[in-house]
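In the working numbering, the protein residues as written are 2 to 255. Glycine included, each C-beta is placed from N, C-alpha and C at the ideal position. Computed from a predicted structure; not experimentally measured.
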Amino acid sequence: MEQLFPSLSILSLLLAFGIALVAGFVKGVVGFAQPLILISGLTLFLPPELALAGLIIPTLVTNAMQSLRHGPQAAWASVKAFRVFLICGGITLVIAAQMVRVVPEAVLLMAIGIPALAYAALQLGGLGFSLPRRSSKVEAAVGGIAGVLGGLSGVWGPPTVMYLTALGTPKADQLRVQGVIYGAGAVALFFAHLASGVLRADTIPFSILLILPAVLGMWAGGKVVDRIDQVIFKRATLVVLLLAGANLIRRAIF
Numbered sequence: 002m003e004q005l006f007p008s009l010s011i012l013s014l015l016l017a018f019g020i021a022l023v024a025g026f027v028k029g030v031v032g033f034a035q036p037l038i039l040i041s042g043l044t045l046f047l048p049p050e051l052a053l054a055g056l057i058i059p060t061l062v063t064n065a066m067q068s069l070r071h072g073p074q075a076a077w078a079s080v081k082a083f084r085v086f087l088i089c090g091g092i093t094l095v096i097a098a099q100m101v102r103v104v105p106e107a108v109l110l111m112a113i114g115i116p117a118l119a120y121a122a123l124q125l126g127g128l129g130f131s132l133p134r135r136s137s138k139v140e141a142a143v144g145g146i147a148g149v150l151g152g153l154s155g156v157w158g159p160p161t162v163m164y165l166t167a168l169g170t171p172k173a174d175q176l177r178v179q180g181v182i183y184g185a186g187a188v189a190l191f192f193a194h195l196a197s198g199v200l201r202a203d204t205i206p207f208s209i210l211l212i213l214p215a216v217l218g219m220w221a222g223g224k225v226v227d228r229i230d231q232v233i234f235k236r237a238t239l240v241v242l243l244l245a246g247a248n249l250i251r252r253a254i255f
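The structure is reproduced here in structure tokens:
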């Protein structure tokens with residue numbers, strides 16, 4: 002193991018394995034937050050670029066699993082329904098990924114954390130925000146924002162979750178749609194960071210290593226989500242979003 006990852010200690014690898022397991026479990030329950038947990042946890046003891054590389058391939062694999070949970074036909078229907086979101090997000094993600102080394106980390110973290118925290122806090126406090134119907138313009142804007150954040154940090158969950166929650170999307174549909182959106186973003190992220198140099202010969206093996214714990218965690222989380230109703234699911238989603246946003250703001254400040 003030390004020969005394969007000469008720059009990482011056994012302790013660092015075990016910690017990374019544990020963080021990936023927890024991230025996969027949370028994703029299995031609420032359908033998102035795996036990249037948030039991975040990037041937040043891994044950057045505590047790893048360089049940001051290696052942490053970003055580490056989350057890319059596990060995210061690709063688990064999102065494919067999530068989007069195909071109800072079969073290819075259901076996944077394709079979600080692709081067609083949210084094609085505006087996917088196209089806009091994909092374009093901005095690829096462009097933003099090329100700027101990953103020049104944007105200050107604190108600015109990026111605050112840009113993700115503040116909206117996520119504010120939205121979740123308002124929803125949990127009873128000041129609900131909802132969209133009566135879908136709008137192509139709103140969807141394009143949210144998709145574009147999600148793509149920028151995803152390209153820079155590997156994290157595009159908060160804008161997507163806020164949008165789907167505001168639409169009142171049913172649990173099963175939301176999980177599948179999130180998987181499709183995040184899966185398409187993960188593919189774009191993979192190729193974008195092959196081009197940016199974040200994914201390369203010395204970082205890809207680390208990312209591959211984290212697939213197994215992420216998948217195991219997601220499997221366990223899936224067993225939990227099947228037992229909870231729509232109200233509990235939405236509340237759990239908002240709590241995770243609140244904590245994720247608060248953690249990102251904390252990292253930006255300190």
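With fewer than 16 other CB atoms across the displayed protein chains lying within 10 angstroms of its CB, residue 202 is exposed.
With a cutoff of 9 angstroms on beta-carbon distance, residue 94 and residue 189 are scored as near each other.
In this structure, the CA atom of residue 65 is about 6 angstroms from the CA atom of residue 184. Closest in C-alpha terms to residue 52, from the list 207, 76, 116, comes 207. Taken through DSSP and simplified to helix, strand or coil, residue 31 comes out as helix. Contact holds between the segment 235-249 and the segment 17-37, because three or more Cβ pairs, one in each stretch, are under 8 angstroms apart. C-alpha of residue 204 to C-alpha of residue 40: approximately 15 angstroms in a straight line. Around residue 104, the same chain offers 153 as residues with beta carbons nearer than 7 angstroms, after the five sequence neighbours per side are excluded. Scanning its chain for C-beta atoms nearer than 8 angstroms, with the 5 sequence neighbours on each side dropped, one finds around residue 92 the residues 145, 148, in chain order. Setting aside the 5 residues that flank it on each side, residue 132 is surrounded in the same chain by 167, 168, each with a C-beta closer than 6 angstroms to its C-beta; the list follows chain order. If you check the CB distance, residue 29 and residue 221 come in under 9 angstroms. Across the set 172, 54, 109, 57, the C-alpha of 172 shows the shortest separation from the C-alpha of residue 71. For residue 45, the three-state secondary structure derived from DSSP is coil. Membership of residue 77 in the alpha helix (DSSP H) is indicated by the continuous run 73-82. About 19 angstroms separates the Cβ atoms of residue 246 and residue 142, ruling out a contact at the 8 angstroms cut-off. Taken atom to atom, the span from the alpha-carbon of residue 165 to that of residue 98 is near 24 angstroms. Collapsing the DSSP output to three states places residue 202 in coil. Here the alpha carbons of residue 234 and residue 12 stand approximately 34 angstroms from one another.
Taking all protein chains in view, the Cβ of residue 219 is crowded by 16 or more other Cβ atoms within 10 Å, so the residue is classified as buried.
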